[in-house]
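Colleague: Residue numbers (UniProt numbering): 1 to 288. Can you read through this structure? Questions will come right after.
Next up, the structure:
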């Protein structure tokens, strides 16, 4: 008797799980709902939504991801505005605050819409957008929040500017390295001498690098050697490359005056000092 009941309950739980992750077509959108709350705030045209998003191709390779710490934002547009039925934007319209889902967007529809797609995104397949809706705001609510965020960011930037000289001195002391300082304020240590000539402005260095804040947190990292034309980066990075040689390595402390200054840049707050560990794998003369 108990055995039979447990089998029935197991079968019922499997049915619920299958229904929860079933891929279906709703209002022309191919979608898989992972969690949904009928009582939650619904999305409507003009709403500003914040959400996590992971985009994968047909082989599940991750093409782009925005985590909860840096959510994506978008304004919900009227249905069909993308030019084809079943777009990512149309899929968002089916969700509510707190919902999570995977929206399947036909690659062929994107191509017909004029989007240039890389060769590893195959025709006849779908792009998978896995999302979770974190926040829903009206335009007025969003603008109020943005004004508060901007005021806080401005206050933080001023505070950082005041404390920066001591913060940089503390970093140098804690690093255990002997930094030299150039006239521009760039502080540097060449940890491995390279060989041959030093590059000049206009030359292209192939570099591996890690960009960090003074607390050691990484904000950028080269996945493989990248071409970096001297003269096209922030002034402090350009100057750093001019003192390197092929095969050389160095650590560079760049103050905001020769970095991004008083303007925030992506994950980099205003008035930030940046630390770069750089290796010049090779370089070629400009124009070659």
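Idealized CB from N, CA, C, for every residue including glycine.
Give, in chain order, every unbroken run of the beta strand (DSSP E) that is at least 3 residues long and sits entirely within the segment 95-150.
Modeller: Here the runs fully enclosed are 100-106 and 126-137.
Colleague: Can you find the residues in the same chain that come closer than 6 Å, C-beta to C-beta, to residue 240, ignoring five residues on each side of it along the sequence?
Modeller: Around residue 240: 252.
Colleague: Report the rounded CA-to-CA distance for residue 16 versus residue 22, giving the unit in angstroms.
Modeller: Bear in mind that the predicted position of residue 16 carries a pLDDT of just 47, short of 50, making it unreliable; the figure below should be weighed with that in mind. Taking the straight line from one Cα to the other gives about 10 Å.
Colleague: Considering just the uninterrupted stretch of the beta strand (DSSP E) at residue 262, what are its terminal residues?
Modeller: Unbroken run through residue 262: none, as it is neither H nor E.
Colleague: Nearest-angstrom Cα distance between residue 138 and residue 158?
Modeller: Going by the C-alpha atoms only, they are around 30 Å apart.
Colleague: Looking at C-beta atoms only, is the number of pairs between the segment 146-164 and the segment 76-95 that lie closer than 8 Å three or more?
Modeller: Flag = no, the segment 146-164 and the segment 76-95 do not touch.
Colleague: Take residue 67 and list the residues in its own chain whose beta-carbon comes closer than 7 Å to its own, dropping the five residues that flank it on each side.
Modeller: So the qualifying residues of the chain are 52.
Colleague: Quick check: what's the CA-CA separation for residue 291 versus residue 177?
Modeller: Since the displayed the chain opens at 1 and closes at 288, residue 291 lies outside it and no answer follows.
Colleague: Roughly how far, in whole angstroms, is the beta-carbon of residue 250 from the beta-carbon of residue 188, given that I think they are within contact range, below 8 Å?
Modeller: Correct: roughly 6 Å between the Cβ atoms.
Colleague: Tell me whether residue 279 is buried or exposed, calling it buried when 16 or more other Cβ atoms sit within 10 Å of its Cβ.
Modeller: With 16 or more other Cβ atoms within 10 Å, it is buried.
Colleague: Just to confirm my understanding: we take residue 195, look at its own chain, exclude 5 residues before and 5 after, and list those with CB closer than 7 Å. What are they?
Modeller: Cβ neighbours of residue 195 beyond the five flanking positions: 245, 246 and 247.
Colleague: Taking C-alpha atoms, which residue in 156, 142, 32 and 56 lies nearest to residue 263?
Modeller: Taking only the C-alpha atoms, the option nearest residue 263 is 156.
Colleague: May I ask you to report which of helix, strand or coil DSSP gives residue 215?
Modeller: Coil, per DSSP.
Colleague: What residue range does the beta strand (DSSP E) around residue 240 cover?
Modeller: Premise fails: residue 240 lies in the alpha helix (DSSP H), 235-241, not in any beta strand (DSSP E).
Colleague: Would you kindly check if the distance between the Cβ of residue 212 and the Cβ of residue 172 is under 8 Å?
Modeller: Going by C-beta atoms, residue 172 is not nearer than 8 Å to residue 212.
Colleague: How would you write the range of the beta strand (DSSP E) that residue 227 sits in, first residue to last?
Modeller: First-last of the beta strand (DSSP E) with residue 227: 226-229.
Colleague: Among 190, 118, 284 and 269, whose alpha-carbon lies nearest the alpha-carbon of residue 226?
Modeller: Among 190, 118, 284 and 269, the Cα nearest to that of residue 226 belongs to 284.
Colleague: Give the single residue among 38, 112 and 60 whose Cα lies nearest to the Cα of residue 100.
Modeller: Among 38, 112 and 60, the Cα nearest to that of residue 100 is on 38.
Colleague: Here's the rule I'm using: 16 or more other beta-carbon atoms within 10 Å means buried, otherwise exposed. How should residue 73 be labelled?
Modeller: Its Cβ having fewer than 16 others within 10 Å, residue 73 is exposed.
Colleague: When burial is assigned at 16 or more other CB atoms within 10 Å of the CB, is residue 259 buried or exposed?
Modeller: Counting Cβ neighbours within 10 Å, residue 259 comes out buried, since at least 16 surround it.
Colleague: Pick out whichever of 270, 54 and 81 has its Cα sitting closest to the Cα of residue 71.
Modeller: Comparing Cα-Cα distances from residue 71 to each of 270, 54 and 81, the minimum goes to 54.
Colleague: Hey, out of 48, 95, 200 and 164, whose CA is closest to residue 146's CA?
Modeller: Residue 146 has its Cα closest to that of 48, out of 48, 95, 200 and 164.
Colleague: For the alpha helix (DSSP H) containing residue 65, list its first residue and its last residue.
Modeller: No alpha helix (DSSP H) contains residue 65, which is instead part of the beta strand (DSSP E) from 62-66.
Colleague: Using a Cβ-Cβ cutoff of less than 8 Å, which residues in the same chain neighbour residue 180 once the five nearest sequence positions on both sides are dropped?
Modeller: Within the same chain, residue 180 has close Cβ partners 187, 188 and 189.
Colleague: Excluding the five sequence neighbours on either side, which residues of its own chain have a C-beta within less than 7 Å of the C-beta of residue 257, listed in chain order?
Modeller: Here the set comprises 185.
Colleague: Considering only residues of the segment 149-178, which uninterrupted alpha helix (DSSP H) runs meet the minimum length of 4 residues and lie entirely inside it, listed in chain order?
Modeller: Qualifying alpha helix (DSSP H) stretches: none in this window.
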